[in-house]
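Right, one structure below, let's go through it.
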């Protein structure tokens with residue numbers, strides 16, 4: 048079967064438990080599969096290579112471009128289209144079929160980017176109701192870029208762009224998901240979100256940068272960015288409005304965990320001295 052004219056770039060650091068599934072979901076289907084590894088201390092690079100991916104090393108110098116924009120700038124630039132896939136994500140078979148339909152005619156007009164729904168797993172269970180995020184993961188690099196947000200000194204994020212999307216001239220939405228199924232223990236989720244909340248709290252004390260981030264978010268993200276009482280609103284939206292209760296205990300646990308994350312941001316913002 049003809050390979051899709053897309054470079055898959057998988058930014059990683061210590062994804063030894065996840066990387067094999069990520070690579071196997073795309074290898075053989077795309078013109079290039081490249082793991083961009085930040086000098087992992089585990090076997091991420093070795094496993095990725097054994098699964099058939101090309102592995103390149105990335106070293107952040109503390110400035111721009113950060114890791115995802117670096118991928119757009121450097122990874123297989125002979126291919127205009129690039130799909131950014133996290134190390135704990137994998138493509139669903141339905142998404143592969145959808146992409147084959149879109150790229151069957153190379154001359155057909157296409158938007159600059161595609162927003163892809165995220166199938167989210169929490170505590171070992173696939174959430175069917177409470178999670179509604181779309182990621183702008185597939186872009187034409189000649190018409191898209193990540194904004195250079197002024198948060199290089201912020202804690203919690205580091206080398207990878209924060210929770211915002213690449214800027215695109217035009218977009219379309221795909222139907223089938225990328226599956227986010229992190230095989231790390233749930234404690235890793237809380238450790239990551241503890242770092243993310245440091246970044247979010249920092250933004251609350253830097254309104255100009257916060258506005259830069261807001262403009263680079265999805266429409267849903269922009270609306271929630273301005274919402275009051277975020278811990279309560281987050282829980283009500285996920286568990287009640289989006290019927291997360293139908294996911295059973297996992298739906299409750301996830302809605303509560305996200306509400307706790309929003310509470311962390313608010314608490315850290317109040318405790319952090321203004322600069």
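In the working numbering, the protein residues as written are 48 to 322. A virtual CB, placed ideally from N, CA and C, is assigned to each residue, including glycine. Keep in mind it's a predicted model, so treat the numbers as computed, not measured.
Excluding the 5 residues flanking residue i on each side, which residues of the same chain have their C-beta closer than 7 angstroms to its C-beta?
i	result
residue 104	84, 86
residue 207	58, 113, 114, 115
residue 310	278
residue 213	160, 183, 186, 191, 192, 193
residue 94	63, 66, 67
When DSSP labels each residue in this structure, what does residue i get in the three-state scheme?
i	result
residue 174	coil
residue 77	strand
residue 208	coil
residue 155	coil
residue 55	strand
residue 149	helix
residue 263	coil
residue 218	strand
residue 161	strand
residue 180	coil
residue 118	helix
residue 187	strand
residue 238	helix
residue 107	coil
residue 300	helix
residue 131	strand
Buried or exposed: where does residue i fall if 16 or more other Cβ atoms within 10 Å of its Cβ makes it buried?
i	result
residue 279	exposed
residue 249	buried
residue 241	exposed
residue 88	exposed
residue 132	buried
residue 287	exposed
residue 233	exposed
residue 153	exposed
residue 244	buried
residue 125	exposed
residue 263	buried
residue 314	exposed
residue 181	buried
residue 67	buried
residue 291	buried
When you compare only the Cα positions, how much space is there between residue i and residue j?
i	j	result
residue 228	residue 237	15 angstroms
residue 146	residue 177	26 angstroms
residue 62	residue 73	16 angstroms
residue 285	residue 184	23 angstroms
residue 203	residue 140	34 angstroms
residue 143	residue 151	12 angstroms
residue 96	residue 163	27 angstroms
residue 173	residue 134	18 angstroms
residue 224	residue 209	21 angstroms
residue 90	residue 275	43 angstroms
residue 157	residue 121	22 angstroms
residue 258	residue 49	43 angstroms
Any heavy atom of the ligand ADP closer than 7 angstroms to the Cβ of residue i?
i	result
residue 139	By its list of ligands, the structure shown contains no ligand whatsoever, and the ligand ADP lies outside what it can speak to.
Check the C-beta distance from residue i over to residue j and give it rounded, since I have them as a contact under 8 angstroms.
i	j	result
residue 211	residue 260	5 angstroms
residue 220	residue 129	Wrong, their Cβ atoms sit about 18 angstroms apart, outside the cutoff.
residue 226	residue 137	5 angstroms
residue 56	residue 118	4 angstroms
Using a Cβ-Cβ cut-off of 6 angstroms (strictly less than) and excluding sequence neighbours within five positions of residue i, which residues of its own chain qualify?
i	result
residue 169	297, 301
residue 92	84, 102
residue 100	70, 80, 82
residue 306	278, 281, 282
residue 201	246, 249
residue 197	256
So, at 8 angstroms on beta carbons, what are the nonlocal neighbours of residue i in its own chain, with the 5 sequence-adjacent residues on each side left out?
i	result
residue 159	186, 187, 190, 191, 215, 216, 217, 218
residue 109	199
residue 106	85, 86
residue 175	293, 294
residue 231	64, 65, 135
residue 77	50, 51, 53, 54, 55, 130
Please tell me whether residue i has its Cβ less than 8 angstroms away from any Cβ of chain B.
i	result
residue 141	Among the protein chains of the structure shown there is no chain B, as only one such chain exists.
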